[in-house]
Amino acid sequence: MSNTAWENLVKKQLKTDDIYPVLTKENLEGIVVKPFYDAVQNPLLNLPKIEESTHLVAKYHESLEEDVFAFILDQNVENLEQKTIFINNEELAGHISPEEQDQYFSLIDVFDEKQAVINDQLVKELLAKQFRRNICIDISLHQNAGASIVQQLGIALAKTKELVEIYGSEIVNKLIFRIAVGGNYFFEMAKLRAFKIVFNQLSKEYDLDEIPYIFAETSLRNKAVSDNENNLIRSTLELAAAMIGGADAVFSNNYLVEKSTENSEEISFKQQIVLAYESIINVFEDASNGSYYVEDITRQIAEKSWAFFVEIEENGGYLELLKQGTIQKKIYDHAIEEQKWVEEGKIKLIGVNLYPKLDIKKSIEELYSEKEIKSVRWAEMFE
């Protein structure tokens, strides 16, 4: 079909001759989104993932041992055989000595964001372990603090470069990236795909051809204390975006904010089971490949993320800009703009600023600090 035919079809479906005000959507990422797509320039090759099937990760509970194959651990559990284990506690990591056949991954961030340093001793201790992936680069904090998608990916690359400069390029295939997936469904799908592109590009700077290991978890930023059912729906969409986007492992944070129960933990994990076993989206390498829209925003996010990474490097690198407070300020500027959109209703949060509309109880100034990267939920303004 020609562009004119497409446009006429859209006009007919929307029952209006002026489709652009209806279909044009603003976003804070600076990504150009067209009203409709009829092609994509330079289609991308299939973007692979490391794991053949996405690991469905549960918080450990003994009742799940028989049926669950991947656990996130905060404390030691004896005799967990033939399981994939994601270690989430520094002290625990120090005591574990896995056998070669075990599949252990570290989710402990080796960057101290407040002191703007890398924990060298921790890095060396973790590298000495027989883990499949030893060193975690955590950018979930940045997403939950209000960083843009472009900032998140640029920071992930900058952190990678800091580690390579100190420990050599052999560390690249020992990395695992902990990424929080938010509620902007297609953008978050494109975020993971774009990260594979830019990480692969960075690895080629060191004569490698690597793709990143991605541990994706649901965001805390768009969850509300008094809105449990909608939290559950939001996190289900986030898990789906992560699986379609090609994450190697997914984990659902508890949909009950600040009051986790055994039952809510079980339900949170069952979200993944339903998606994987009934929709079968955890087995595809790149399920969204070929979608004109996703392909287009993937390329834009990749280009902008790489440019932000280059900007960080040209100004001294990630740790140096942390010391100067530049990174904190950039995240702060985006976070407060995003919070204003929530306040104004341009970002809709059902049950918080829409159906029903709650009263604002905290100001932006009370929630955010330009000197600190800290998690802030949008709904905290209304709670």
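FYI, the numbering for the sequence shown is 945 to 1327, going by my numbering. By construction, the Cβ of each residue, glycine as well, lies at the ideal position given by its N, Cα and C atoms.
Q) Where do the ends of the alpha helix (DSSP H) carrying residue 1278 lie? A) Taking the first residue of the sequence shown as 1, we reach residue 1278 at position 334. Residue 1278 -> alpha helix (DSSP H) spans 1270-1288.
Q) Would DSSP call residue 1054 helix, strand or coil? A) For the purposes of this step, residue 1054 is taken as residue 110 along the sequence shown, with counting starting at 1. Correct three-state label for residue 1054: coil.
Q: Would you mind listing the beta strand (DSSP E) stretches within the stretch 1037-1101 that are 3+ residues and don't spill past its ends, in chain order?
A: 1047-1050, 1079-1082
Q) For residue 990, which residues from the same chain have a beta carbon less than 7 Å from its beta carbon, with the 5 sequence-adjacent residues on both sides left out? A) As a first step, residue 990 is located in the sequence shown; it is residue number 46 there, counting from the start. Hits under 7 Å: 1229, 1230, 1233.
Q: May I have the straight-line CA-CA distance separating residue 1218 from residue 1090, to the nearest angstrom?
A: Walking along the sequence shown from the start, residue 1218 turns up at place 274. Walking along the sequence shown from the start, residue 1090 turns up at place 146. Near 30 Å, if we compare the C-alpha coordinates of residue 1090 and residue 1218.
Q. Thinking just about the alpha-carbon of each residue, which of 1138, 1110, 1065, 1055 is nearest to the one in residue 1095?
A. Walking along the sequence shown from the start, residue 1095 turns up at place 151. For the residues 1138, 1110, 1065, 1055, the minimum Cα distance to residue 1095 belongs to 1138.
Q) Hey, which unbroken runs of the beta strand (DSSP E) at 3 residues or more fall wholly within the stretch 1138-1192? A) 1158-1162
(Q) For residue 1101 and residue 952, what's the separation of their Cα atoms in angstroms? (A) Residue numbering aside, residue 1101 sits at position 157 when the sequence shown is read from its first letter. Residue numbering aside, residue 952 sits at position 8 when the sequence shown is read from its first letter. The alpha-carbon atoms of residue 1101 and residue 952 are separated by roughly 43 Å.
Q. Going by DSSP, which residues form a beta bridge with residue 1298?
A. Reading the sequence shown from its first residue, position 354 is the one you call residue 1298. 1294, per the DSSP bridge assignment.
(Q) Can you tell me where the beta strand (DSSP E) holding residue 1120 begins and where it ends? (A) The sequence position of residue 1120 within the sequence shown is 176, counting from 1. Residues 1119-1125.
Q.
Here's the rule I'm using: 16 or more other beta-carbon atoms within 10 Å means buried, otherwise exposed. How should residue 1028 be labelled?
A. By one-based count along the sequence shown, residue 1028 stands at place 84. The residue is buried, with at least 16 neighbouring Cβ atoms inside 10 Å.
Q.
Restricting to runs no shorter than 4 residues, where is the alpha helix (DSSP H) found entirely within the stretch 982-1036?
A. none
Q: Give the DSSP bridge partners of residue 1195, in chain order.
A: Residue 1195 sits at position 251 when you count from the first residue of the sequence shown. In the DSSP output, where bridge partners are listed per residue, residue 1195 has 1001, 1161.
Q. Is it true that the stretch 1116-1130 meets the stretch 1155-1175, where meeting means three or more beta-carbon pairs spaced less than 8 Å apart?
A. yes
Q. Which residues mark the beginning and the end of the alpha helix (DSSP H) in which residue 1312 is found?
A. To locate residue 1312, count along the sequence shown from 1; it is residue 368. Per DSSP, residue 1312 belongs to no alpha helix (DSSP H) and is neither H nor E.
Q) Which residues bound the alpha helix (DSSP H) around residue 960? A) The count along the sequence shown starts at 1 and reaches residue 960 at position 16. No alpha helix (DSSP H) holds residue 960; DSSP gives it neither H nor E.
**Q.** Coil, strand or helix - residue 1243 by DSSP
**A.** Against the sequence shown, residue 1243 aligns to sequence position 299. Three-state DSSP puts residue 1243 in a helix.
Q. Three-state secondary structure (DSSP) at residue 968?
A. Along the sequence shown, read from residue 1 onward, the residue named residue 968 stands at position 24. Three-state result, residue 968: coil.
Q.
Using only the alpha-carbon positions, how far apart do residue 1067 and residue 1043 sit?
A. Position 123 of the sequence shown, counted from the first residue, corresponds to residue 1067. Position 99 of the sequence shown, counted from the first residue, corresponds to residue 1043. Distance between the alpha carbons of residue 1067 and residue 1043 is about 20 Å.
Q | Contact under 8 Å by Cβ, residue 1260 with residue 1182 | A | As a working note, residue 1260 is residue 316 in the sequence shown. As a working note, residue 1182 is residue 238 in the sequence shown. No. Outside cutoff.
Q) Since residue 1070 contacts residue 1037 with CB under 8 Å, what's their CB separation in whole angstroms? A) The count along the sequence shown starts at 1 and reaches residue 1070 at position 126. The count along the sequence shown starts at 1 and reaches residue 1037 at position 93. So it is a contact: roughly 6 Å between Cβ atoms.
(Q) Quick check: what's the CA-CA separation for residue 1013 versus residue 1031? (A) Residue numbering aside, residue 1013 sits at position 69 when the sequence shown is read from its first letter. Residue numbering aside, residue 1031 sits at position 87 when the sequence shown is read from its first letter. Computed Cα separation, rounded: 14 Å.
(Q) Under DSSP, the alpha helix (DSSP H) around residue 1218 begins and ends at which residues? (A) For the purposes of this step, residue 1218 is taken as the residue at position 274 of the sequence shown. Residue 1218 -> alpha helix (DSSP H) spans 1206-1218.
(Q) I need the straight-line Cα distance from residue 1211 to residue 1115, nearest angstrom please. (A) Mapped onto the sequence shown, residue 1211 falls at position 267. Mapped onto the sequence shown, residue 1115 falls at position 171. Using only the alpha carbons, I get a separation of about 37 Å.
Q. Given residue 1237, which residues of its chain have a CB within under 7 Å of its CB, disregarding the five upstream and five downstream residues?
A. Position 293 of the sequence shown holds residue 1237. Excluding sequence neighbours, residue 1237 sits near 981, 1130.
**Q.** Proximity winner among 1283, 1321, 1267, 1256, relative to residue 1058 (alpha-carbon distances)
**A.** Walking along the sequence shown from the start, residue 1058 turns up at place 114. The shortest C-alpha separation from residue 1058 is found at 1267.
Q) Is the CB-CB distance between residue 1048 and residue 1108 below 8 Å? A) For the purposes of this step, residue 1048 is taken as the residue at position 104 of the sequence shown. For the purposes of this step, residue 1108 is taken as the residue at position 164 of the sequence shown. Contact: no.
Q: Rounded to whole angstroms, what's the CA-CA distance from residue 1078 to residue 1239? Just pull it up for me.
A: On the sequence shown, position 134 is the one that residue 1078 refers to. On the sequence shown, position 295 is the one that residue 1239 refers to. Whole-angstrom Cα-Cα distance: 32 Å.
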